[in-house]
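Convert by adding 8 to the 1-based position in the sequence shown; the result is the number in the working numbering. The next block holds one structure in the form of structure tokens; read it before the comments.
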Amino acid sequence: MAATLACTPRPGTRLPVSGGAELPAPAGLSVTADSQGLAVSVGWQGVDGAAGYRVYRATAAAMVADDTTLLAATSVPSWRDDRATAGQTLYYRVRAVDAGGVAGAASAAAMVTTSDGMADSRARALAWLNGQQEGAQGFRTTFDGTYGPAYKGRVEGRVADLDELPPVITAPYVAFSQAYSSGYVGPVSGTWGNVAPRTQYRVDVYSRSDVDYLQGSFALRADGTWTSGKTRVRAGAKSARLVRVADNAQVARSGWPRRVVSGVAVEVYTRVDTDRHLATVPLGADGTFAADGIDAGGGRLTARLANTATGRALNSTEWAGDVGYPSLVRSFTIPFNDPAYGYAGGAVRGGFRPEQRSWIYDDALAVFAFTATGQRDRAGGILRQLADLQQGDGALAFSYDVRRGQPFDQYIRSGALAWVGSAALAYEESTGDLAHRSLAVGVGEYLLRQQVSPTNGFDPSDQRFGSVLGGYGRYDENFVFVAGPIAWASTEHNIDAYFLLRDLGYLTGDDRYAQAASMVRQSLLTHHWNSAEERFNQGVSGAGPDTADALDLGSWGGLFLLAVGERTKAERSAQYVGRFRVTGADIRRSSDPGSFNETYTSAGPIDGYQPYGRGYDDPPRVVWAEGTLGAALLRLRLGHDISADLQSMRRLQAADPAGGFVQVTQGRAAPPYEFHVWPSVAGTAWAVLLTRDPGLLWRPDRR
Numbered sequence: 009m010a011a012t013l014a015c016t017p018r019p020g021t022r023l024p025v026s027g028g029a030e031l032p033a034p035a036g037l038s039v040t041a042d043s044q045g046l047a048v049s050v051g052w053q054g055v056d057g058a059a060g061y062r063v064y065r066a067t068a069a070a071m072v073a074d075d076t077t078l079l080a081a082t083s084v085p086s087w088r089d090d091r092a093t094a095g096q097t098l099y100y101r102v103r104a105v106d107a108g109g110v111a112g113a114a115s116a117a118a119m120v121t122t123s124d125g126m127a128d129s130r131a132r133a134l135a136w137l138n139g140q141q142e143g144a145q146g147f148r149t150t151f152d153g154t155y156g157p158a159y160k161g162r163v164e165g166r167v168a169d170l171d172e173l174p175p176v177i178t179a180p181y182v183a184f185s186q187a188y189s190s191g192y193v194g195p196v197s198g199t200w201g202n203v204a205p206r207t208q209y210r211v212d213v214y215s216r217s218d219v220d221y222l223q224g225s226f227a228l229r230a231d232g233t234w235t236s237g238k239t240r241v242r243a244g245a246k247s248a249r250l251v252r253v254a255d256n257a258q259v260a261r262s263g264w265p266r267r268v269v270s271g272v273a274v275e276v277y278t279r280v281d282t283d284r285h286l287a288t289v290p291l292g293a294d295g296t297f298a299a300d301g302i303d304a305g306g307g308r309l310t311a312r313l314a315n316t317a318t319g320r321a322l323n324s325t326e327w328a329g330d331v332g333y334p335s336l337v338r339s340f341t342i343p344f345n346d347p348a349y350g351y352a353g354g355a356v357r358g359g360f361r362p363e364q365r366s367w368i369y370d371d372a373l374a375v376f377a378f379t380a381t382g383q384r385d386r387a388g389g390i391l392r393q394l395a396d397l398q399q400g401d402g403a404l405a406f407s408y409d410v411r412r413g414q415p416f417d418q419y420i421r422s423g424a425l426a427w428v429g430s431a432a433l434a435y436e437e438s439t440g441d442l443a444h445r446s447l448a449v450g451v452g453e454y455l456l457r458q459q460v461s462p463t464n465g466f467d468p469s470d471q472r473f474g475s476v477l478g479g480y481g482r483y484d485e486n487f488v489f490v491a492g493p494i495a496w497a498s499t500e501h502n503i504d505a506y507f508l509l510r511d512l513g514y515l516t517g518d519d520r521y522a523q524a525a526s527m528v529r530q531s532l533l534t535h536h537w538n539s540a541e542e543r544f545n546q547g548v549s550g551a552g553p554d555t556a557d558a559l560d561l562g563s564w565g566g567l568f569l570l571a572v573g574e575r576t577k578a579e580r581s582a583q584y585v586g587r588f589r590v591t592g593a594d595i596r597r598s599s600d601p602g603s604f605n606e607t608y609t610s611a612g613p614i615d616g617y618q619p620y621g622r623g624y625d626d627p628p629r630v631v632w633a634e635g636t637l638g639a640a641l642l643r644l645r646l647g648h649d650i651s652a653d654l655q656s657m658r659r660l661q662a663a664d665p666a667g668g669f670v671q672v673t674q675g676r677a678a679p680p681y682e683f684h685v686w687p688s689v690a691g692t693a694w695a696v697l698l699t700r701d702p703g704l705l706w707r708p709d710r711r
């Protein structure tokens, strides 16, 4: 098996082994599985004269305790193994190590057979994640022909990805009983259908020469027909329109399909300096559309697929040539009936569809999840795409539009970048493939330049000294991008940066990374740690600490403290996490735009953790899937049985039949929270990682 990155010997070295002459074999080796097979507690009796111990693991009883089976090094006579333990028969042996690094005799092997109680949940979550990568809900919209600025007449086109749109329905229709030529003059007749009561509708007949001229309005007959009677229709291209009397709304037109895709329509515009609306037509069940009597008027014709309930655009012929990023994951599945589905227009966020948005943090989590489950091609595809997007300075935009192939949020954040780098190194560790090392190195170089250090011109008296700053750029209250460096240092970002810089130091042997990680570690323990409350502050600025409460400060902070050997502080951090506990939450439908959710419900109470506390204005008291699973990982590493947490997350997952984990149990759409009851990559990928190989993430420092 591949040893963990945190305790793997450097290439070309062997661990000193004495053959058992110096120190005796540890006695009393015991192994116990818990948390539905996700962890194994390994314990033994201490050995006099031992400076530490090495733990070995294999899947065969005849295992040899050498560097090929090395699992971990520890200074105490116990180890908590969370490296892909579920659903296996595992054998463990231990050696004591003296002060010179010489290992003594190996213990007898101890065996444990673990369950995999979350296998079905993980399989459904993984299938959902696969779907988030396999294809964007693009609805690519194209014209069938070339329609220039001088064009007049009928335009036709088509829309792709019909399976992602609402169902096909039988639509109202109106038709002529025969084909009437442009030269025909006389009465006309036809049929109608699929509206009731008929007395609330009429048929308007038009003839077009230069423009459409109304020829008359006619009643619907009970037998499904209509006629102009004695009214003679003039020469010209003829059309019949089914109109609702109450508001004069057109509900159908001759030539329109009788079976259409519900919930959408195609809007045709011409643009000279601004858009001018020309027509709105249905989308046929076969994905085609057509609009008659179109006059480009010297402008550029465009057709846009729109959600008829919200008016939001879903795609446009303007974007038909865009090259997307299909390897990245779409961060959310947003129900079609949600007010946020589609592009609202105007200058909001540059005109991107939120259901096509991919946060790089989510991409990194997906790499961890795919790597943990052996889906190497999927993980590698994400990393290759991110490497292609990486800027010359090593940075990446905070998020991207996977359909249109361009940045969504332009700003840069150090923490999200560090996650990408760590994902690349985890992939390398698990597969032996170094193809994405340069991606992680590029991120590492960016973080080095963000560090508050003498190299970058900072004085040691700076309260942020040793920390990595937040990145570059922000959006103002009108979503206008404001360029400029970020001066604050986030605790979460620095935890993320610590693990990446540390692991780059291990893998590359470059002391710059090791020294930078040491400085981050020291800054976290001094400038970010709140000794009075025994927990991490949210961050540090030039003016001092930000003492606001956030869940990840406790959970991720606790994982960091365990990694650097500060177990007592890690236990205090875990106690701090208890402040965010929420019990008995449920997922309910809501038509309120601020908490909209008409799709997902839960069948039982859900326990977990809310994201924010003191220092935030009216923080939402909801169960946050991603944060709850991160807190569960901390509890797992501290030796707690997290079976109850896992069962609660099962109930949350059950809200989505497709297997995703909704972001929160109740929405809070308004900034600054912007939480939604949408299945999310973050929560789902955390679930896959936690239930398959939690030890892939943020292992303890090498001792």
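Quick reminder that beta carbons are idealized off the backbone N, C-alpha and C, glycines included. Remember, predicted model here, so these are calculated numbers, not experimental data.
For this session: With a floor of 3 residues, list each beta strand (DSSP E) that falls wholly inside the stretch 489-542, ordered by position along the chain.
Result: As far as the stretch 489-542 is concerned, its whole beta strand (DSSP E) runs of at least 3 residues are 489-493.
For this session: Mind checking who residue 89 pairs with in its DSSP beta bridge?
Result: As a beta-bridge residue in DSSP terms, residue 89 pairs with 48.
Problem set entry | residue 71 to residue 622 span [Cα, whole Å] | Cα-Cα distance, rounded: 52 angstroms.
For this session: Please confirm if the stretch 519-538 is in contact with the stretch 492-509, defined as three or more CB-CB distances below 8 angstroms between the two stretches.
Result: The stretch 519-538 makes contact with the stretch 492-509, as at least three CB pairs between them are under 8 angstroms.
For this session: Would you list the one or two residues that DSSP bridges to residue 221?
Result: Per DSSP, 215.
For this session: Quickly, what does DSSP pair residue 226 with across the bridge? List them, please.
Result: Answer by DSSP bridge pairing, in chain order: 211.
Exercise. Under the three-state reduction of DSSP, which class applies to residue 367: helix, strand or coil?
Worked result: For residue 367, the secondary structure class from DSSP, reduced to helix, strand or coil, is strand.
Exercise. Looking only at its own chain, which residues have a Cβ that is under 6 angstroms from the Cβ of residue 431, when we skip the five neighbours before and after it?
Worked result: Close CB contacts of residue 431 within its chain, under the 6 angstroms cut and outside five residues either way in sequence, are with 372, 375, 376 (chain order).
Problem set entry | Neighbourhood of residue 87 by C-beta, 7 angstroms cutoff - its chain only, sequence neighbours within 5 removed | Non-local beta-carbon contacts of residue 87 in its own chain, meaning distances under 7 angstroms to residues more than five positions away in sequence, involve 50, 63, 80 in chain order.
Exercise. Within the chosen definition, does the stretch 99-116 reach the stretch 631-648 through at least 3 CB pairs nearer than 8 angstroms?
Worked result: The stretch 99-116 vs the stretch 631-648: no contact.
Exercise. In terms of residues, what are the limits of the alpha helix (DSSP H) holding residue 657?
Worked result: Unbroken alpha helix (DSSP H) run through residue 657: 651-661.
Problem set entry | Beta-carbon contacts of residue 636 that lie in its chain and below 6 angstroms, excluding the five residues immediately before and after | Take residue 636, set aside five residues on each side of it, and the residues of its chain with a beta-carbon closer than 6 angstroms to its own are 616, 617, in chain order.
Problem set entry | For residue 398 and residue 459, the rounded distance between their alpha carbons | If I take the Cα positions, the gap works out to 20 angstroms.
Exercise. Residue 355: buried (16+ other C-beta within 10 angstroms of its C-beta) or exposed?
Worked result: Caution applies to residue 355, whose pLDDT of 38 falls short of 50 and renders its modelled position unreliable; the model cannot decide the point.
For this session: Assign residue 486 to one of three DSSP states: helix, strand, or coil.
Result: Three-state DSSP puts residue 486 in coil, outside helix and strand.
Exercise. Is it right to say residue 215 is buried, meaning 16 or more other beta carbons lie within 10 angstroms of its own, or is it exposed?
Worked result: Residue 215 should be labelled buried.
Exercise. Does the beta-carbon distance from residue 339 to residue 361 come in below 9 angstroms?
Worked result: No. Outside cutoff.
Problem set entry | Cβ pair count under 8 angstroms reaching 3, the stretch 91-103 against the stretch 115-122 | As far as the Cβ criterion goes, the stretch 91-103 touches the stretch 115-122, which means the pair count is three or higher.
For this session: Along the alpha helix (DSSP H) that carries residue 390, what are the first and last residues, could you check?
Result: Looking at the DSSP string, the run of the alpha helix (DSSP H) that includes residue 390 is 384-397.
Exercise. Helix, strand or coil for residue 83 per DSSP?
Worked result: Of the three classes helix, strand and coil, the one that applies to residue 83 here is coil, per DSSP.
Exercise. Count the other CB atoms within 10 Å of the CB of residue 390; is the residue buried (16 or more) or exposed (fewer)?
Worked result: With 16 or more Cβ atoms within 10 Å of its Cβ, residue 390 is classed as buried.
Exercise. Excluding five sequence neighbours on each side, which residues of the same chain lie with their C-beta closer than 6 angstroms to the C-beta of residue 703?
Worked result: Excluding residues within five positions, the ones whose Cβ falls inside 6 angstroms are 90, 91.
Exercise. In three-state DSSP terms, what is residue 100?
Worked result: Note: residue 100 maps to strand in three-state DSSP.
Exercise. Taking buried to mean at least 16 other C-beta atoms within 10 Å of its own C-beta, is residue 363 buried or exposed?
Worked result: Buried, because 16 or more other Cβ atoms sit within 10 Å of the Cβ of residue 363.
For this session: Could you pull the start and end residues of the beta strand (DSSP E) that residue 617 belongs to?
Result: Per DSSP, the continuous beta strand (DSSP E) segment holding residue 617 begins and ends at 614-617.
For this session: Give the DSSP-derived three-state secondary structure of residue 30 in the structure shown.
Result: Reduced to three states, the DSSP call for residue 30 is coil.
Exercise. From residue 696 to residue 220, what does the alpha carbon distance come to, in whole angstroms?
Worked result: The alpha-carbon atoms of residue 696 and residue 220 are separated by roughly 60 angstroms.
Problem set entry | Distance between residue 668 and residue 692 (C-alpha atoms, nearest Å) | Taking the Cα positions, residue 692 is about 6 angstroms away from residue 668.
Exercise. What did DSSP end up calling residue 702 once you bin it into helix, strand or coil?
Worked result: Note: residue 702 maps to helix in three-state DSSP.
Exercise. In chain order, what residues of the same chain lie with their CB nearer than 8 angstroms to the CB of residue 237, ignoring the 5 residues before and after it?
Worked result: Contacts found: 195, 226.
Exercise. Contact check, residue 690 vs residue 634 under 8 angstroms by CB: the rounded distance?
Worked result: At roughly 4 angstroms, the Cβ-Cβ gap stays under 8 angstroms, so residue 690 and residue 634 are in contact.
Exercise. How about residue 544 and residue 565: are their beta carbons less than 9 angstroms apart?
Worked result: In terms of Cβ geometry, residue 544 and residue 565 form a close pair [threshold 9 angstroms].
Exercise. Alpha carbon to alpha carbon, how far is residue 420 from residue 414?
Worked result: Note on geometry: alpha-carbon atoms of residue 420 and residue 414 lie some 14 angstroms from one another.
Exercise. Once you ignore the five residues that flank residue 515 on each side, which residues in its own chain have a CB closer than 8 angstroms to its CB?
Worked result: Contacts found: 13, 433, 436, 445.
Exercise. Taking DSSP as the reference, what is the three-state secondary structure of residue 160?
Worked result: Three-state result, residue 160: strand.
Exercise. DSSP on residue 38, reduced to helix/strand/coil?
Worked result: Assignment of residue 38 by DSSP, reduced to helix, strand and coil, places it in the strand class.
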